[in-house]
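If you read the protein sequences in the order shown, they are chains A and B.
Residue 599 is where the first sequence starts when you use the numbering used here, and the numbers rise one by one after that.
Residue 6 is where the second sequence starts when you use the numbering used here, and the numbers rise one by one after that.
Backbone N, C-alpha and C define an ideal beta-carbon position, used for all residues, glycine too.
All of these numbers come straight from a predicted model, not from anything done at the bench.
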Amino acid sequence: MKLLALFLLSCSAAFAQIPFERILNADKEPGNWLTYSRDLQGHRFSPLAEINTENVSRLKVKWAFQFPDPGNEVSPIVIDGILYITGPNAAAALDGRSGRQLWVWRRPLPSDYHSVGFSHVNRGPAVLDDKLFVATLDGYLVALDLKSGAERWSSRVLDYKVGYSMTMAPLAIDGKIVVGVSGGEAGIRGFIDAYEVESGKQAWRFWTIPAPGEPGHETWSGDAWKTGGGATWVTGSYDPELKLVYWGVGNPGPDWNGDVRPGDNLYTCSMVALDADTGKLRWYFQFSPHDTHDWDATHVPMLFDAQKGGAKRKLIAVANRNAFYYVLDRATGEFVAGKPYARQTWATGLDPKGRPIPAREVEPSKEGTLIWPNLNGATVWFSPSYDPETGLVYVATREIGARYFKRDTAYKPGTFFAGGGEDELPPDDTWGAIKALKAESGDLQWEFELRTPPWAGVLSTAGGLVFSGSNEGNFYALDARTGRPLWDFQTGGAIGANPVSFSIEGHQFIAIAADRVLYAFGL
Amino acid sequence: MRTSVATSVYVILCAFAVHSAPSPQSPFPQSTLSQSPASKSPDLAAAKLIFESHCALCHGIDGGGGRGPSLGRPKLARAADDEALKSLIENGIPPEMPEAWFLSKEEIAGLAVYVRSLGNVPPETLPGDPARGKAIYERSGCSTCHILDGEGSGYGPELTDVGARRGSARLRETLQNPAKTIPENFLLLAITTSAGQAVRGIRLNEDTFSIQLRDQQGRFYSFRKSELRDLKRLRGETPMPPYGSALSSAELDDLVNFLASQRGKP
C-alpha cells in the first residue's frame, strides 16, 4: 500500500500541469491550493470540511519541516499532494504526506544586496502550466520546472542597488505572471509588472507614481515623484470576467515627512485596477491621501458579489492598514461603504466618496504625535479571509498606537528615505484580535482577543472554522460563526505567515509556517 | 488537541532556570566607549540623526524598541563589547537587521557610542556613603526579593547592574514610591483557579491561551486561561513596600548611592 502511494505520488508530480483553467476553477479541486489565496478572488477560504467544529479538538501535528532560515512567511502552493514552498531566494517541493523534501532550488544573494526596511523573506510561489514562479530579493522573476526545480528562465525585474526588492508571491493570470516590488522606505518609484509565462518577456509595466505629463502627476511637486515610493509588495487579486488585476499600492516616500511632497501623492496608498492585457489603469481609489504614517494599502483584496440597492454588484473589499474597512465597486472603483474596524484617531470619518476627514493634529512632529494605529497599521500584509458561507470577512487586527516623529531626510540610493519614525506604546497597552466583519458593511460580528498585535493571516474553511496564529506561537482554530476558540497548539515560534489547507487521499491538512518550522496538522 | 492540564494547575518546581545567562560584558565605564587615541571623539548629535534615519524604523525613535528589540539596556544580547557592537552595525544580523554598508568607520563608531548611551546611565556624583548603603540594603531585607551580585532571591528584578540602568532620581523614587516606577513588562498577577486555589505572583510569560508566573516562594505555575475562574492583572501594583518613611533622608542617600554604584559584573 505504501509503495502504491509512493508510486501515485511520483506519477501525480510527473504529470502535474496547471493550465489557467484549473486556477480559474479552483473550487473543482478543493484539495489543492493553486494560487496565493487559493482562488483568484483573494478569499483564502478552503471548501474542505473534514476538519470541522465537531472534531477540530482532535487536530494533531502530522509532520514538521525545518527551514534553513528564520522568520518564514510562506504560503505554500499545493498540487496533488505536493507542497511548493519558498524562502529568501529559495524554493522547494515537499511530499505532503511526510514533509520530506523532493527537490530544492537556491539562488545565491549577491554580497552587495541590502534589504531596506524588511527582513529576508518570501511569501510564496505561483504556479502556471508546468512552471513554478519565484520572485527573488535581488530582483529576478524565476520560472522553475515543477518536476525538478531546474530553472527554465529568469527575468530581471528591478535594480536592487537602489533599494528595490521582491518578497511577495507572484500572481498567475491567463498567460502572464504579475509581480510587485518592495522598497517603500528606500525612495523607489514603484511599479507592477507582468511577464509572459512561456518566454519570461515583460508584457507590461504600470508605474505607481505617474511621470510628468501623465494623469495624477499633478498630485506631486518638483522631483518628489522620482523618489515617491508606492511599493507593491503584496499579491493582488484578479477578476477573470472583467479582466482586471487589483493591486494595493504602498506608502509615499519619505514616509513620515510629507513636506517635500505636497499633494495627494497618487497612486500611493491606493487600490489600482489594471487591464490584464495592457497594464493600463482602469480606476483607482486612494485610501490615505498624502499619507504621513506609512500606511501602505498593500493588502490582498477580496472580491465578492452582493445585492446592493436592488441590483447585483461586483464588489471589492479591503481592511486597510489605516484602520478603515472599505467596500468598493470593482468595475468602477466607486466607494460603496466604509467604517473603522480598529481603534484609530487620525480621521473623524469618511466623506460620501470615501475620502478620510482628517482629525486635528495628526501629523508626525518633532516632539512626537500619539496616533492609533501605529506605523504597521491595524492590519498589514498578512491575508484576511472571506467566507462565502457566513458572508463574513475575518481580519487579523492590531490594536496599537505610537508616537510619530518627523525628521529631515536626504535621498541616498539604496538607503533609508523615511523622514522620521515612531515609538510604539508599551506591550501591555497593545493587543490584537481576529475580527469578523460583515463583508458588505464592515459591521463587527464578533472578535476574539489576542495577547499582542498579530502578524499572521487568516484561513476560513467550510468546516466552519477560522485558523490563525499569534506572535507567541499559538496556532488556533475559532468557530467561524461565533469566534469561540475550539483548539490551539503552541508551535514554539512566532507566527508571521498565512495558513493553507489541502487534502491527500481524502484527508484534510492545515499547514502554517511558524518561524523556522512548517507544520502540517490533520486528524 | 487542546492540552488538558488535569483540572487546573500544575506547579513546576523551580528546578530549572528559565532565562539564559546574558553574555559577559564590561561594566559601563565611559572609557570603554571612547575611540582609539588616534580618532576624534564621536559626534553624538550626528550619530543621533543617523540613528533616527536608519535604525528608528525598527528600534524606535528613542531606541525603546518596536519591530526590533529595545536598545535601552546596559547589556546588548548580541554585542558583548564595543568592537562587537560596531561589527554588528556594520554587518547587520542577516536576515533580520540590515547592514550599515553606507556608513563610514567614524559614523559607525559614533553610532555605537550613541547606542550604548541609550541603555547606560552615566555615573553621577552623589551624596551618601555606599558602604553604609550596603549595610542598609542588607538589614532592610532587600535580598529577600532581589538578587545582587549573585546573592538573594529572584522574585523582583535583579539589581546587579541597576546603577547602569537607572539614574539616582529614579532609584530614589522607586525606594519612596515603588508603585510609580514599575518596570515595563513587570506585572503582578492575582489568579483564582476553577478549583478555587488562589495564586499571586509575577508574570513570567503569557500567550493568548496560557500564562506562567512565579510566586514569592519561587514556585513556578502554568495555567490554561480557560481553566481560571479569575485572572487579575494588578497594573500599578508591586509587592515592594515603600521605604520613604522607614529610612531617614541620610539613609536614603546612602542606599541610593550604593545602588547607583551597582553597574554590573565584568
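Indicate whether residue i and residue j have their beta-carbon atoms separated by less than 8 angstroms.
i, j, result
"Phe1100 of chain A", "Gly747 of chain A", "no"
"Leu692 of chain A", "Phe663 of chain A", "yes"
"Ala265 of chain B", "Leu131 of chain B", "yes"
"Pro1025 of chain A", "Ser1066 of chain A", "no"
"Met900 of chain A", "Ala921 of chain A", "no"
"Gly848 of chain A", "Thr817 of chain A", "no"
"Asn855 of chain A", "Gly1018 of chain A", "yes"
"Gly827 of chain A", "Gly785 of chain A", "yes"
"Asn1069 of chain A", "Ala1092 of chain A", "yes"
"Asp853 of chain A", "Gly69 of chain B", "no"
"Asp949 of chain A", "Asn670 of chain A", "no"
"Arg698 of chain A", "Ala688 of chain A", "no"
"Leu218 of chain B", "Arg208 of chain B", "yes"
So, is the C-beta of residue i closer than 8 angstroms to a C-beta in chain A?
i, result
"Asp67 of chain B", "yes"
"Asp212 of chain B", "yes"
"Leu190 of chain B", "Leu is not the amino acid found at residue 190 of chain B; the sequence shown has Asn there. It does: the Cβ of Asn190 of chain B has a partner Cβ on chain A nearer than 8 angstroms."
"Phe107 of chain B", "yes"
"Thr37 of chain B", "In this prediction, Thr37 of chain B has a pLDDT of 32, which is less than 50 and means its spatial position is unreliable; what the coordinates show is noted afterwards. Thr37 of chain B does not count as touching chain A."
"Ser31 of chain B", "For Ser31 of chain B, the pLDDT reaches just 30, beneath the cut-off of 50, and the residue's location in the model is therefore unreliable, although a value from the coordinates is still provided. By this cut-off, Ser31 of chain B is not an interface position."
Alpha carbons only, please: which of the options is nearest the one belonging to residue i?
i, options, result
"Ile955 of chain A", "A:Trp881, A:Leu622, A:Ser780 and A:Phe885", "A:Phe885"
"Glu1136 of chain A", "A:Phe1014, A:His888, A:Ser963 and A:Pro938", "Because chain A here runs from 599 to 1121, residue 1136 of chain A falls outside it and cannot be looked at."
"Ala929 of chain A", "A:Lys912, A:Arg941 and A:Phe922", "A:Lys912"
"Glu1006 of chain A", "A:Asp857, A:Gly685 and A:Pro850", "Residue identity differs from the one stated: residue 1006 of chain A is Asp in this sequence, not Glu. Of A:Asp857, A:Gly685 and A:Pro850, the residue nearest in Cα terms is A:Asp857."
"Pro246 of chain B", "B:Ser145, B:Thr213 and B:Arg72", "B:Ser145"
"Thr1080 of chain A", "A:Thr1059, A:His1105, A:Glu1045 and A:Asp1113", "A:Glu1045"
"Ala822 of chain A", "A:Val847, A:Ala801 and A:Asp862", "A:Asp862"
"Gly798 of chain A", "A:Pro986, A:Phe665, A:Leu730 and A:Phe1073", "A:Leu730"
"Glu981 of chain A", "A:Ile1032, A:Tyr865, A:Gly629 and A:Ala624", "Going by the sequence as given, residue 981 of chain A is Ser instead of Glu. Of A:Ile1032, A:Tyr865, A:Gly629 and A:Ala624, the residue nearest in Cα terms is A:Ile1032."
"Leu1063 of chain A", "A:Thr1050, A:Trp1053 and A:Asp1077", "A:Asp1077"
"Arg137 of chain B", "B:Arg72, B:Asp259 and B:Thr186", "B:Asp259"
"Ala690 of chain A", "A:Val702, A:Arg698 and A:Tyr844", "A:Val702"
Taking the DSSP output, what are the residues bridged to residue i?
i, result
"Tyr682 of chain A", "A:Ile675 and A:Ala691"
"Trp1044 of chain A", "A:Ala1034"
"His897 of chain A", "DSSP lists no partner for His897 of chain A."
"Tyr1074 of chain A", "A:Ser1066 and A:Asp1086"
"Leu926 of chain A", "A:Ile914 and A:Phe933"
"Tyr844 of chain A", "A:Ser835 and A:Ala871"
"His1105 of chain A", "A:Ile1102"
"Arg787 of chain A", "A:Gly827"
"Lys759 of chain A", "Lys759 of chain A is not bridged to any residue."
"Glu211 of chain B", "B:Ile216"
"Ala724 of chain A", "A:Phe731"
"Arg996 of chain A", "A:Gly1030"
Please find out if some non-hydrogen atom of the ligand NAP comes closer than 7 angstroms to the beta-carbon of residue i.
i, result
"Val795 of chain A", "As far as ligands go, the structure on display features none, and thus does not contain the ligand NAP."
So with Cβ pairs under 8 angstroms, would you call residue i a contact of chain B?
i, result
"Asn687 of chain A", "no"
"Asp727 of chain A", "no"
"Arg1079 of chain A", "no"
"Glu1070 of chain A", "yes"
"His897 of chain A", "no"
"Ser780 of chain A", "no"
"Gly715 of chain A", "yes"
"Glu1103 of chain A", "no"
"Glu671 of chain A", "no"
"Arg1049 of chain A", "yes"
"Asp1086 of chain A", "yes"
"His891 of chain A", "no"
"Glu783 of chain A", "yes"
"Ala1075 of chain A", "no"
"His718 of chain A", "yes"
"Ile1110 of chain A", "no"
Using a Cβ-Cβ distance under 8 angstroms, would residue i count as near chain E?
i, result
"Arg1079 of chain A", "The structure shown has no chain E; the protein chains it does contain are A and B."
Along the segment 1008 to 1034 of chain A, where does the CB come closer than 9 angstroms to a CB of chain B? Name the residues. Ala1008, Lys1010, Gly1012, Thr1013, Phe1014, Phe1015, Ala1016, Gly1017, Gly1018, Gly1019, Glu1020, Asp1021, Glu1022, Pro1024, Pro1025, Asp1026 and Gly1030
Would you list, in chain order, the members of the segment 55 to 81 of chain B that have their beta-carbon closer than 8 angstroms to a beta-carbon of chain A? Glu57, Ser58, His59, Ala61, Leu62, Gly65, Ile66, Asp67, Gly69, Gly70, Gly71 and Arg72
For the segment 85 to 105 of chain B, which residues have a CB atom closer than 7 angstroms to at least one CB atom of chain A, in sequence order? Pro99, Pro100, Glu101, Pro103 and Glu104
Please list, in chain order, the residues of the segment 988 to 1008 of chain A that have any C-beta partner in chain B closer than 7 angstroms. Phe1003, Arg1005 and Thr1007
Contacting positions in the segment 828 to 849 of chain A - beta carbon closer than 9 angstroms to chain B: none
Name, going along the chain, the residues of the segment 952 to 979 of chain A whose beta-carbon falls closer than 9 angstroms to a beta-carbon of chain B. Gly966, Asn972, Leu973 and Asn974
Between the segment 694 to 715 of chain A and chain B, which residues of the former have CB atoms less than 7 angstroms from a CB of the latter, in chain order? His712, Ser713, Val714 and Gly715
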